[in-house]
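Numbering follows our numbering, in which position 79 of the sequence shown is assigned residue number 113; successive positions increment by one, without gaps.
For glycine and all other residues, C-beta sits at the position ideal for the given N, C-alpha and C.
For reference, the structure discussed in these notes is given below.
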Amino acid sequence: MSNNVKSISVGYNPVNKSKVFSSGDYISGRVTLELVNDCKIDSLCVKLKGKAEVKWTEHYGKTVVVYHNKEKYFSIKQFIIQEKQVASSLCNSVIFQTPQHSFTDKKMKLFTSGTVGMDVNIERTGFHQGEGIKVVASIQNKSSRDIKPKYCLYRKYSYFAKGKRKVETKDILKEVGEVIPPSADQTVTRIITIPSTTCVSILNCNIIKAEYRLRVYLDVKYASDPEIKFPIVILPASQGPDEEQPFVPPAYGFEAFAGGTSFQQNPTAFGPSAPPPPYGTYGMYPSLSDFSGKS
Numbered sequence: 035m036s037n038n039v040k041s042i043s044v045g046y047n048p049v050n051k052s053k054v055f056s057s058g059d060y061i062s063g064r065v066t067l068e069l070v071n072d073c074k075i076d077s078l079c080v081k082l083k084g085k086a087e088v089k090w091t092e093h094y095g096k097t098v099v100v101y102h103n104k105e106k107y108f109s110i111k112q113f114i115i116q117e118k119q120v121a122s123s124l125c126n127s128v129i130f131q132t133p134q135h136s137f138t139d140k141k142m143k144l145f146t147s148g149t150v151g152m153d154v155n156i157e158r159t160g161f162h163q164g165e166g167i168k169v170v171a172s173i174q175n176k177s178s179r180d181i182k183p184k185y186c187l188y189r190k191y192s193y194f195a196k197g198k199r200k201v202e203t204k205d206i207l208k209e210v211g212e213v214i215p216p217s218a219d220q221t222v223t224r225i226i227t228i229p230s231t232t233c234v235s236i237l238n239c240n241i242i243k244a245e246y247r248l249r250v251y252l253d254v255k256y257a258s259d260p261e262i263k264f265p266i267v268i269l270p271a272s273q274g275p276d277e278e279q280p281f282v283p284p285a286y287g288f289e290a291f292a293g294g295t296s297f298q299q300n301p302t303a304f305g306p307s308a309p310p311p312p313y314g315t316y317g318m319y320p321s322l323s324d325f326s327g328k329s
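Structural data, given as structure tokens:
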């Protein structure tokens, strides 16, 4: 058949502005096959592959050790004539909808007397990029000083290779609430908006993890700050059908199309955890060059 093929092109339809696909998304597209002569085609299929990769170096004196690992996310082979779709229920998973609650109190010493405490609730665990986290905190200030509620959303990257673990943490945002005077009890509500450019959580990959925590703490002068940490799962930004972006062909011969076959990106479940994002998306995930020179 190869002698009869004049050209073949493959295109895909982006589902959002960043052209990023996540587990549970459908990749729809069109394969255009142009032939020189009439011929019989026994089968025509499209194969999709996805992988994760980590790499970094560490220096031990004059010795440089390279840590490197790969993991295949998926390998899907689907025949064009056997179009099949399975609806995704990822974002409706019960674990993402579970409310969180925690309480802490602390007795002050040295330069501050009395106790402070807080009872904090957030409405669920999973949030979309750009969405607000509603934090409700009941704060009891029975100390001799003013206190301030503070909020910090931070990310923790973990990389695994050759039995070694590399961890990097980064604060995504910080916010400060109003002062609560001594001998006062207040219920404070705060909306912490997740930046729309934040990387989605990666929780079901053996070599890369991207985890998030929301840290709520009380700033007390001359004392250690009591704190509560909530795990947060960040999901891809939700978009309605009217928000889908028109197809823009890449620079390597893909053509615009309408309709075509579709593929669910990750049909095999990895457990009740958050979805992995696609590997190597520029601007959203750490590039391998960022790993060099950090321990």
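With contact counted as at least three CB pairs below 8 angstroms, one residue from each stretch, are the stretch 49–65 and the stretch 86–106 in contact? no
Nonlocal neighbours in the same chain, by C-beta distance under 8 angstroms from proline 229, ignoring five residues either side: Gln163, Gly164, Ile206, Leu207
Assuming the contact rule is C-beta atoms closer than 8 angstroms, phenylalanine 264 and leucine 248 should be a hit. Round their C-beta distance to whole Å, please. 5 angstroms
Member of Ser43, Lys182, Leu187 whose CA lies at the smallest distance from the CA of isoleucine 266: Leu187
Check this for me: beta carbons of arginine 189 and lysine 204, under 8 angstroms apart or not? yes
With hydrogens ignored, establish whether the beta-carbon of isoleucine 110 is closer than 7 angstroms to any heavy atom of the ligand GTP. In the structure on display, the ligand GTP does not appear, and there are no ligands present to speak of.
Compute the distance between the beta-carbons of proline 183 and valine 150, then report whether it is under 8 angstroms. no
Provide the residue span of the beta strand (DSSP E) that contains phenylalanine 55, from first to last. Looking at the DSSP string, phenylalanine 55 is not in any beta strand (DSSP E), and its letter there is neither H nor E.
Tyrosine 46 lies in the beta strand (DSSP E); which residues open and close that run? 39–46
Roughly how many angstroms lie between the CA atoms of valine 80 and asparagine 47, to the nearest whole one? 15 angstroms
Delimiting residues of the beta strand (DSSP E) encompassing glutamine 163: Element bounds for glutamine 163: n/a, residue is neither H nor E.
Sequence-distant residues of the same chain with beta carbon closer than 7 angstroms to glutamine 220, five excluded per side: Ile173, Ile214
How is cysteine 239 classed by DSSP in three states: helix, strand or coil? coil
Selected residue, minimal CA-CA separation from threonine 227, among Gly148, Glu212, Arg199, Ile268: Ile268
Glutamate 261 versus Phe108, Phe137, Lys111, Tyr107, residue with shortest Cα-Cα distance: Phe137
For lysine 111, which residues in the same chain have their Cβ closer than 7 angstroms to its Cβ, ignoring the five residues on either side in sequence? Cys79, Lys81
Is DSSP giving cysteine 186 helix, strand or coil here? strand
My output table needs one value for cysteine 79: the three-state DSSP class, helix, strand or coil. strand
Locate the beta strand (DSSP E) running through valine 65, then write down its first and last residues. 60–69
Within this structure, are the beta carbons of alanine 271 and asparagine 50 separated by less than 8 angstroms? yes
Can you grab the Cα-Cα spacing for the pair glycine 45 / arginine 64, in whole Å? 5 angstroms
Quick one: give me the first and last residue of the beta strand (DSSP E) that isoleucine 262 is part of. 261–269
Could you work out which residue in Ile236, Phe108, Ser177, Tyr107 is closest to proline 331 when comparing CA atoms only? It is not possible to answer for residue 331, since the shown part of the chain is limited to 35 through 329.
Give me the DSSP bridge partner(s) of isoleucine 228. Paired residue(s): none; isoleucine 228 is not in a bridge.
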